[in-house]
Amino acid sequence: MVERKKIEIPAGAKVKVSVGPEEKFPFDISPMYEGERIRKEDMFVELGGPKQVKFELVLALPPEQVEDMKVTLVGPDLDEMQEGKEYPYAMIYYIAGSKVETDLEPVIERRNHDFQNYIEGYMHLNQRYDVWVRIGKGSIKKGLKSLIQIAKATMMLYKNELPFIEKIEALYITDKELVEKLLKEVAMPVYEERDKRVEMLHDEDVEEFYSCTLCQSFAPTNVCVVSPDRPSLCGAISWFDGRAAAKVDPEGPNRAIPKGEVLDPIGGEYSGVNEFAKQESGGEYERIKLHSFFEFPHTSCGCFEVIGFYMPEVDGIGWVHRGYAGPAPNGLTFSTMAGQTGGGKQVAGFLGIGINYFRSKKFIQADGGWYRVVWMPKELKERVSKYIPDDIRDKIATEENAKNLDELKEFLKKVDHPVVKGVVRKVDGKKITEGWVEEKVEEKVEEKKEEAPAPTPAVAQPAPAVGMPMQMPAFQLPAIQMPASQPAPAGIKLVIKDAKITIGKIVVKKSKGES
Amino acid sequence: MTTIAVTGKGGTGKTLVSALLIHFISKKSNRVLAVDADPDSNLADALGVEVEKTLGEIRELFQTSRDEMGTMNKEQWLEGKIYEAICECSGYDLLVMGRPEGEGCYCFANSLLRGVLRKLTKHYEYVVIDSEAGLEHFSRKTIDTADYVLIVTDMSKKGLATAKRIKELTKELKLKFRDIMLVANRIENKTAEQTIREFADEEGIKLLEILPYDEKVVEFDIKGIPLVKLNEESEVYRKMSKVAEVFLKG
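The listed protein sequences derive, respectively, from chains D and P. The first sequence begins at 1 in our numbering and counts up one residue at a time. The second sequence begins at 516 in our numbering and counts up one residue at a time.
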């Protein structure tokens, strides 16, 4: 972790200091000024913005290091600035309090945008190293003289709105060299550290997930559950976005879902998520496992960026993204499969996801993760290549290796893909598939309970259009055992409509006489 | 804030009307936002300004870069980019909506956009929107609502039919406007004038002004001269100044 300490002000720098709260401000402070755009023609000066070096940063420090309500300004103040010009700008806040932690820095830093926009005649845009501030001519006329007044107003808002901040101190800088130096040496390492933390944050580290129901106008029973290890299906909303939105509007489309009890740590099943799913889908779904492909998978809205499809013939999963127009090896295109799965359904054998989910350490971990993946378009594979484990990357086929199931089988055999001999899931070392049992007619085929997808979610759905083979692994798994060259002798196609079937276990055996 | 949505069939002079409205209103108010919401028209050319970036481009940029944003706030990111895209012209600001959505899901991007635009527009005194006849940005709610719907038509059957359809559409979309108005353009003779008056009466649309056929407008179009460079010599210019007065009075 980057060490948090106060910034040393170089000797000889032009410094202004003020301690203690301000009695009166020459400007109004109110949320009604949010979104106020100060036009170039009305602008006194621009601080930061597209043409200057700039940043804002919040650092959590031990209380004894923070001098409450102190502002230090390094560099020229407003009364030394030329009207109509742009200046470098850095806003650094040191904060302390018994509940203040390093983790909260980004959350608190973000609020600088809100609070500063409450200030009449002051426009604040962007975040981090992009901040863009304008001060209106009107404010100067009304008596704004110093950036210290701005800093004091912001600190006051921080303490009023976030009472857990017990002490706050500000360092504002308009000196170009110092802003440049601190951006490089202090701010950037902190931003990078925060972004790294995103990848290190997992489902088990948080208490709440977030829902997204923005899509419910198209997919009424869709319940998007956004967790640190699972972004939204459309790819747009991360756990951090969900958290931010839920804070702003707790009754809005992104609401907090208390995780509740962990029911299945590998599949990612939580009692809180199940309750929420039941409630939000209007009772349609009672269970959702976040990291499972076959068993109570997440619902698919219609917005998803990528669809996964199970191919029983190779006992593997393929993925195809929206931009890939051709058919996948199963003969179906993205849009055909999406049409069947979308609309907020839970369909075992198909799963809509956001591209970001490929980055997840828990990517369909219950069903073997990357080791169960057999095919994806080249474009998609290249896009997520760095997240594919080294030992499987070259074993995943693209359209260049295989365009149909026969070619795919050939390829998988050649590269010795785990599905051929059986997939061992990395998370607990358990062997979850038996592998292909090719040309061994005598082999007894038994499907173990663990792999059998729970039939309830699948059959609870209205069946897809007749003529579309329903790729439910429970019923088609036996077909895997058929050698590639032979057409499946059974040729079973099951279309089940409005049926309720509960199956504890299925055992499919080949009778001795047949071959 | 007063929002005026100028709409009508393509080629009827919608952009001419929008540009001149902006021109006149911005002489009286310094908080005017012009919005080009018609990908087929070119309000910027009519106003004689250059635009670097469109909202559509920003939305695409958002779609492709959002995965790399880490803990950054996406709404703030989008808001900053929109503010950067706003062209600061002399007397008014201009925002170009640009191309429509590409593939993929825009629910989230549009939901953020709506929020940003709502916050932004409320600080302007006048918002003038050059909108295509389908009122797409209204139906998608990227633009919330309009106080006045100003339909521009010429005397062509198609122009009038479109005007009629727009009126129906505003009902379907439940746009809560204060008034729906008509400006007729390129009206060459009394018969045509009569047809327009009857049409306005029948449809219950307030006829605001009848603009004549104007050689100068044609000439400017051919030469690519911004239409706001028209002057008092042009009857269209003089009459549009009166139209602007209607809105300036409120």
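Note that beta-carbon positions come from the ideal geometry of N, C-alpha and C, so glycine has one too. This structure is a prediction, so every number in the text was calculated from the model and none was measured.
The beta carbon of residue 272/D sits closer than 7 Å to those of 257, 258, 259, 260, all from its chain and outside the five residues before and after it, given in chain order. Beyond the five residues adjoining it in sequence on each side, residue 165/D comes within less than 6 Å, by CB distance, of 95, 97, 158, 159 in the same chain, given in chain order. Here the stretch 419-430 of chain D makes contact with the stretch 364-371 of chain D; the two share three or more CB pairs at distances below 8 Å. Taking a beta-carbon distance threshold of 7 Å, residue 321/D does not count as an interface residue toward chain P. Here the alpha carbon of residue 752/P sits roughly 14 Å from the alpha carbon of residue 734/P. Following the DSSP letters along the chain, one finds residue 93/D inside the beta strand (DSSP E) bounded by residues 89-96. Relative to the Cα of residue 714/P, the nearest Cα in the group 576/P, 703/P, 699/P belongs to 699/P. The C-beta distance from residue 254/D to residue 210/D rounds to 5 Å, short enough to fall under 8 Å. Contact between the stretch 195-203 of chain D and the stretch 221-231 of chain D is present: 3 or more CB-CB pairs across the two stretches fall below 8 Å.
Closer than 7 Å to the CB of residue 582/P there is at least one CB belonging to chain D.
In this chain, the beta strand (DSSP E) harbouring residue 518/P covers 517-523. Using a Cβ-Cβ distance cut-off of 8 Å, the stretch 296-312 of chain D and the stretch 178-190 of chain D are not in contact, since fewer than three pairs of beta carbons, one from each stretch, lie closer than that value. Beyond the five residues adjoining it in sequence on each side, residue 191/D comes within less than 6 Å, by CB distance, of 128 in the same chain, given in chain order.
Secondary structure note for residue 559/P: its alpha helix (DSSP H) is the uninterrupted segment 558-562. At a cut-off of 7 Å, the C-beta of residue 589/P has a neighbouring C-beta in chain D. In terms of Cα proximity to residue 363/D, the closest of 293/D, 378/D, 299/D is 293/D.
The beta-carbon of residue 39/D is placed less than 7 Å from the nearest beta-carbon of chain P. Look at residue 29/D: its C-beta is not under 7 Å from any C-beta on chain P. In chain order, 256, 257, 258, 259 place their CB closer than 7 Å to the CB of residue 208/D, counting only its own chain and leaving out the 5 sequence neighbours on each side. Within chain P, 587, 588, 591, 592, 595 have C-beta atoms less than 9 Å from the C-beta of residue 127/D, given in sequence order. The count of Cβ pairs closer than 8 Å, one atom from the stretch 590-604 of chain P and one from the stretch 110-126 of chain D, reaches three, so the stretches are in contact. The beta carbons of residue 322/D and residue 619/P sit about 6 Å from each other, so the pair counts as a contact at 8 Å.
Going by C-alpha positions, residue 544/P is about 45 Å away from residue 194/D. Interface with chain D (7 Å Cβ-Cβ cutoff): residue 641/P is excluded.
In terms of beta-carbon proximity, residue 236/D lines the interface with chain P, with at least one pair separated by less than 7 Å.
By the Cβ-count criterion, residue 393/D is exposed, with fewer than 16 other Cβ atoms from all chains shown falling within 10 Å of its own Cβ.
Under the Cβ distance rule, residue 198/D counts among the residues neighbouring chain P, one pair being separated by less than 7 Å.
Only 214, 215 from the stretch 205-223 of chain D bring a Cβ to less than 7 Å from some Cβ of chain P. The three-state secondary structure of residue 579/P, taken from DSSP, is helix. At a Cβ-Cβ threshold of 7 Å, residue 569/P and residue 613/P count as neighbours.
Going by C-alpha positions, residue 39/D is about 28 Å away from residue 177/D. Taking a C-beta cut-off of 7 Å against chain D, the contacting residues of the stretch 621-639 of chain P are 622, 623, 624, 626, 634, 635, 637, 638, listed in chain order.
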